[in-house]
Structure formats: structure tokens, C-alpha cells
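All remarks here apply to the structure that follows.
Number of protein chains: 2
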Amino acid sequence: MSVRQLINDPDDFVAEALQGLQQAHPALLRANPDPAYVVRADEGAARPKVALVSGGGSGHEPLHTGFVGEGMLDAAVPGAVFASPTAFQIRAAIGAADRGRGVLLVVKNYTGDVLNFSIAAELAREDGIEVETVLVDDDLATSSSDEGGPGRRGTAAVVAVEKICGAAAERGASLSDLALLGKRVVDSARTMALALQACTHPGQSQPSFELPADEVEFGVGIHGEHGVGRRPFGPARDLVAELTRPITAELGLGDGDRVIAIVNGLGSTHALELSVAHRELTAFLGGLGVGVARSLVGPYVTALDMRGFSVTLLRAEDDFVDLWDAPVRTPALTW
Amino acid sequence: MSVRQLINDPDDFVAEALQGLQQAHPALLRANPDPAYVVRADEGAARPKVALVSGGGSGHEPLHTGFVGEGMLDAAVPGAVFASPTAFQIRAAIGAADRGRGVLLVVKNYTGDVLNFSIAAELAREDGIEVETVLVDDDLATSSSDEGGPGRRGTAAVVAVEKICGAAAERGASLSDLALLGKRVVDSARTMALALQACTHPGQSQPSFELPADEVEFGVGIHGEHGVGRRPFGPARDLVAELTRPITAELGLGDGDRVIAIVNGLGSTHALELSVAHRELTAFLGGLGVGVARSLVGPYVTALDMRGFSVTLLRAEDDFVDLWDAPVRTPALTW
């Protein structure tokens, strides 16, 4: 069984998709072709406030381009599939998003992204734009005691950072307050993912790795890489429990605690499956006395067509929940 | 490469997913376990107006349960995967949704659905509830001159019917006006779908049919059945053109016409691929002088994990666009 994509030339894939995104949401955003970035184009797009800019490799859509709009991002910078955008792209997006109140960069912890966002921030500062960065490193599977290592990867908690900081920015929070808020969200959130089937790169016909029928890839990332180990395939309730247990331990969650939960589809996981996973997550947490204050269930941070899911838990601090509930209007998240 | 799902027991799949859906959206809807249906639970849920009820086999999520909420459905009735709900379920959902102003049933044209919704309508009428039905039959691949045949299948145009009639119902339209409006939407819309890979039934490990690497299944439905023929696999622009050409011909679309376009993912089609498809659709229509007034791009009417997409075009009558733009607040569609 070979895999095919709905694609023209793989080299044009991201650029063409950006055009299609803009054509589908002309009232919300504008896609700049070169350097490639997406910027808000709704009626509130010029109102003075701190601007939020994020980005990273493509293939994780709707992240980040689908989160451009009121209450979330002011600009998103897509690289090639699974590759960091350039510092030049990011600098251009900062310029397009800036409204004179400073720019908050939301960066997932990958070497290329960290480097290029940092260069872009420096270039913007030289031009007189205030810039702060929130580094998102929620992937518990990549925790390590290695002092000089790259640290934990950034995955689905980035959605919570963008939503919560985006809402605070709309309410007039300062750049320094937003940087602190983002750091608090990151420190309060952890994620674990598992794959039932690896993803296939655009133009390829076979997944990036093969899984035996009786095993799942545990602690997988969002770039088609191997996870930290294989575990037996089993019913959803066992897989969800196995994925969630280390998160609750790491966050020290227990009786009476409340969380914001993200059950994230990695690409080809059906809505029914994600609903079942959410049921099992609610049951597992309930067994610990942990309540679910808010949930987000769907494909928000994908790894191309990977079959699998991730669980992100964020401690439901009162201000987090209040900002989570604030209005948002983007292609992929609206309430 | 065998397929696995995130599932407990296949027999419990739909019931467990309904629980998970309610737990994720407690402010929007309530899932009744037995008989199974989903009903609005938001603040406006009791306001007098005509109620909209739809349903059908499961496996097409977010359709229909994800469209329960303000501006769309008042209740949705899920059957087992790819199987009609029972008349008893539908009758119960009608009762839960009814607010004394009558109930509009939105029914996709499949033999089981038509029969069971019709029995339920009769039962409700016997109990004094006014009921009208809109039959959705947009799938151009199943057009036939066979007078006694089942007629065209109902597919993604049902989203437009639910959105447009749902908005009109919120504005106070009468039951008979809604039935006429729904009929006009159906008459103005046609759909064609194509599969790059068949879907896999819950608990099974292999897709419902195999496709050779150089062919796609053309005119496919949303139940894992074969399409009307095989066509060569090719670039997205060719596949989109081939799918769209018969629709524009059937609707008589030409220079100066405008449409509402739905580019619908059938399950495992990535957001980037759907964006590329939307770009190619816009270009193809532009070549005919047809403008895209509004677009909806995403997985809205799925066929489990089928890889592929459908194109639905609806003539953009002024009242359709106005009602399309009206507020909607459901798990899967909000603006």
C-alpha cells in the first residue's frame, strides 16, 4: 500500500498551500509570498498592542498559519516542511506584525528555530523594535538531565501559549508581562505523543518508519522521527493512561487539581478516535481526582499524515482559564 | 502496512466517542446515551424557533454531531458506523429538539436514512409535532436516468443546508419557508469526490479496497464503497479540474457566476493538501470566469480515514451568502 498526496510539485507545496489558505480566508489574513509569512488582515489588525509572531517548519498545520487572527497570532512564518524558516523571513514577519508596542516571539525548542528566531530578534532590535521570546519546550519524552543538550522539544503546548498570550495581548498586556505569562504557561504544561503509524513526506510513497502490528511508537515527536521506544498496541484506554501517567507525575497533579487538556490529532486520526481518547483522558484524570476545566480536541499540531495523538496538560490557573475563554477568531480556532 | 485505530471495543466506539464529545463541549451540547442523540445545551437552546434535526451513520464526523449548536442543528442522531440511526432514535431526538415551532429534518439520500427519518416524522406528526424534510442528494457521481433508482447520494452539500437553514431558523423563518430554502440549496449544489486511499472500518486492519499506485478512485462516496471508475493519478491541479468540470457543467456555471465552495477532506487528507486543492479550485473556476464568494476548507464530511477529498459548489445566491455569513457556534464550525 503506497501513499499518495494531493500535491503538484513537492518544491511548491508550501507556497501553493499558503495561497490556498489566503484564498479561503481573505477577511482574516494575507499571505506574503516572498519572503513567506502570513499576517493578520482583519478589521482589528492595526489596533495598537503587542504583536505575537510564531513560526517553524511546515507540515504541522493548522499550526501556525491557521492561528493568525484576533486573539492569537499577528503573524506566522512557515519554513519548508519540517525545516525552520530563515531569519530573513522571520525579520520580515516581525516588521509586518509590529504595531509599535513590541513583538513577542513564540518559539518551539528546535535548534534551527531557536537560532533563526534569535538572529531575527537581534536584527529587529537593531532597528528599534522591542522583542521578547517565549521558548516552548513541553515534550516530556525528550526530558534529559544532559546539561548541554538541546532540552525538551516544543510541541502542542504552543497552542496554549499562543491562545493565552494572544488573549492577554488583546487586553493590553505589556511585552514584559506577556513574556512572563508565556513562561508560566510553558512551565505549567507537558505533552506526550504516540504514533500508530509514521508520517510520509511530501512526494514520498512510504512512511518514515515502519511499525509492527503489535507495537506503537511511544514518545514520538512531530517530525516523523522515532520516539523513545516501542510499547504494545492496546485499547485506547491503556494507551491514553500510559501517555498521561508521566505527565501527571511531572506536573505533580493530584486530587483537587484542574487542568486545561489538549487531545491533539497528529494528522490522520479520526475525530471519533480523538473523542474516545478524550473520554479515556477524562476518566484517567478523574481516577486521580484531577478535573478537566477546559478541553481542546482535534488536529491542531500535526506531523503531516501521522496516525496518532498527543496529550497536553496545562495546570488550570485562574488567569489561564480566563484568557483561554477570551474571544478568538482564526482559521483553525474560533470562539 | 496494517492499519490500527485508537479504539477500545469496536462495538462501543460510537457511544464512547459521544461521551468524549460531550465532555469536550459541555457548554454547547448534551449527548443522550440511549437512545443515542446529541442535543443543544447552550444558553439559547430553549429560545422558540423551528428546530433542525439531522443524522445518519457515524464515521463522517464532525458531521452531524459536530454541527449541533447556535445557528446550525438543534439535534443530531448518529447511527452505528455507516448505518442509519433507528426511527426510535430519530423520534426521540425530534422530541428533545422541538420547541413548539415545528422540526425540519435534514436527510442525506440513502435508503436506510430516508426510511427511518420518514417513519420518525410520521410518529412525531401523530404526536402533534409539525415536521418537514429536506432531502439532500448532491453527489453528481451517482446521477442516473433510472426513474425507479435510489437517486443521487447525499454528501458534503448537507453542511451548506445545515448552515444556511440553521441561520434562517435563528432569524425566525417558518417551517415551510425553511423546507423551501433547503430545497433551493440542494437544487443549487453538486459534489464530486475522489479517493487516493480507501478507508478502514473500525477494528479492521486493511482498507475496504486497494488502489494501484497510478490510479485514483473517482466519484467515490463516503462509505468506503467503490467509486464510478478509476482515473490516472496526477498532480493536484489535474485531479481538481477533473473533479470540478462535471459540477460546473451540471450547474451551468459560467462567466460572472459566483459560488460557495466546499473543499472537504475525507479523513486523512492533510490541511496543506486541502489548501493546495483550494488554490487549484480557485484557479480552475477563475479560468471559467466563476468567482468564489465564500469557501470552507477542511475535514467536514469524512469517510473514516479515507485519503481524498470532495469539491462541492453551491450557486452563491445573495440570500445564501447572507445566511452563510450569519453567526454559528458549534464544535466544528464557529464564526
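If you're matching them up, the sequences are chains A and B in order. For what it's worth, this note's numbering labels the leading residue of the first sequence as 6, then goes sequentially. For what it's worth, this note's numbering labels the leading residue of the second sequence as 6, then goes sequentially. Cβ coordinates follow ideal geometry from the N, Cα and C atoms, glycine included.
Exercise. Does the beta carbon of V316 of chain B sit closer than 8 Å to a beta carbon anywhere in chain A?
Worked result: no
CB contact check: W329 of chain B to chain A, cutoff 8 Å:
Taking Cβ atoms only, chain A never reaches closer than 8 Å to W329 of chain B, which makes this a no.
*asked:* Three Cβ pairs or more, each shorter than 8 Å: is that satisfied between the segment 118 to 126 of chain B and the segment 263 to 275 of chain B?
replied: Output reads no: the segment 263 to 275 of chain B does not touch the segment 118 to 126 of chain B.
Check the Cβ of E278 of chain A against every Cβ in chain B and list those closer than 7 Å, keeping chain order.
-> Simply Q10, L11, I12.
Through-space distance from L23 of chain B to P38 of chain B, alpha-carbon basis | Each residue's CA atom was taken as its position, placing P38 of chain B and L23 of chain B some 8 Å apart.
- Task: Using a Cβ-Cβ cut-off of less than 8 Å, list which residues of the segment 215 to 235 of chain A approach chain B; keep chain order.
- Result: Cβ contacts with chain B: E215, A218, V221.
The alpha helix (DSSP H) spanning N196 of chain A covers which residue range?
Here residue 196 of chain A is Thr; the residue named in the question, Asn, does not match the sequence. Unbroken run through T196 of chain A is the beta strand (DSSP E), 194 to 202; no alpha helix (DSSP H).
Practice task
With a threshold of 16 other CB atoms inside 10 Å of the CB of P83 of chain B, please say whether the residue is buried or exposed.
Solution key: P83 of chain B should be labelled buried.
Q.
Please state the DSSP three-state secondary structure of L185 of chain A.
A. helix
Answer with yes or no whether the minimum CB distance from F341 of chain A to chain B is below 8 Å. The structure shown does not extend to residue 341 of chain A, since chain A is modelled only from 6 to 340, so the question has no answer here.
Problem set entry | 3 or more residues per run - each beta strand (DSSP E) lying fully within the segment 99 to 171 of chain B | 108 to 113, 136 to 141
**Study point:** Secondary structure of L2 of chain A, DSSP reduced to three states
**Key:** Any property of residue 2 of chain A remains undetermined from this structure, which presents chain A solely from 6 to 340.
Considering only their Cβ atoms, is the gap separating L318 of chain B from L258 of chain B smaller than 8 Å? yes
Contact under 8 Å by Cβ, A321 of chain B with R250 of chain B:
no
Name the DSSP beta bridge partners of S59 of chain B, please? B:A81, B:V111
Margin query: My output table needs one value for P251 of chain A: the three-state DSSP class, helix, strand or coil.
Written below: DSSP places P251 of chain A in helix when its eight states are reduced to three.
With DSSP run on the structure shown, which of helix, strand or coil describes V297 of chain A? strand
field: Sub-8 Å separation of N114 of chain A and V141 of chain A beta-carbons
entry: The beta carbons of N114 of chain A and V141 of chain A sit closer together than 8 Å.
Output yes or no for whether 8 Å exceeds the beta carbon distance between E285 of chain B and R334 of chain B.
no
Can you name the residues of chain A whose CB is closer than 8 Å to the CB of V281 of chain B? L11, I12, N13, F18, E21, A22, G25
Tell me the residue span of the alpha helix (DSSP H) that contains R284 of chain A. 276 to 292
Contacts that L201 of chain A makes with chain B (C-beta to C-beta distance below 9 Å): V8, R9, Q10, L11
Practice problem: State yes or no: is the beta carbon of Q209 of chain B nearer than 8 Å to at least one beta carbon in chain A? | Solution: no
Note to self: Below 8 Å on C-beta distance, what does R242 of chain B contact in chain A?
What the structure shows: N13
For the beta strand (DSSP E) containing A36 of chain A, name the first residue and the last one. 34 to 37
Exercise for the section: Indicate the three-state DSSP secondary structure (helix, strand or coil) for A174 of chain A in the structure shown. Expected result: helix
Tell whether a beta-carbon distance below 8 Å holds between V221 of chain B and E167 of chain B. The Cβ atoms of V221 of chain B and E167 of chain B lie no closer than 8 Å to each other.
Self-check item: Extent of the continuous beta strand (DSSP E) run through V44 of chain B
Solution: It spans 42 to 45 - the beta strand (DSSP E) in which V44 of chain B sits, taken as one unbroken run.
If the criterion is Cβ atoms closer than 8 Å, does the pair L11 of chain A and A282 of chain B meet it? yes
So what's F18 of chain A in DSSP terms, helix, strand or just coil? For F18 of chain A, the three-state secondary structure derived from DSSP is helix.
Presumed contact (8 Å Cβ cut-off) between D310 of chain A and T205 of chain A, rounded CB distance
6 Å
**Request:** Kindly indicate which residue of A:G62, A:F314, A:G49, A:W329 has the alpha-carbon position closest to the one of Y42 of chain A.
**Result:** A:G62
For this session: Determine which residues of the segment 56 to 74 of chain B have a Cβ less than 8 Å from any Cβ of chain A, and write them out in chain order.
Result: S63, G64, E66, P67, G71
Worksheet item: What are the partner residues of F223 of chain B, as DSSP defines its beta bridges?
Response: B:L199, B:G234
inquiry  = Excluding the 5 residues flanking E247 of chain B on each side, which residues of the same chain have their C-beta closer than 7 Å to its C-beta?
reply    = R236
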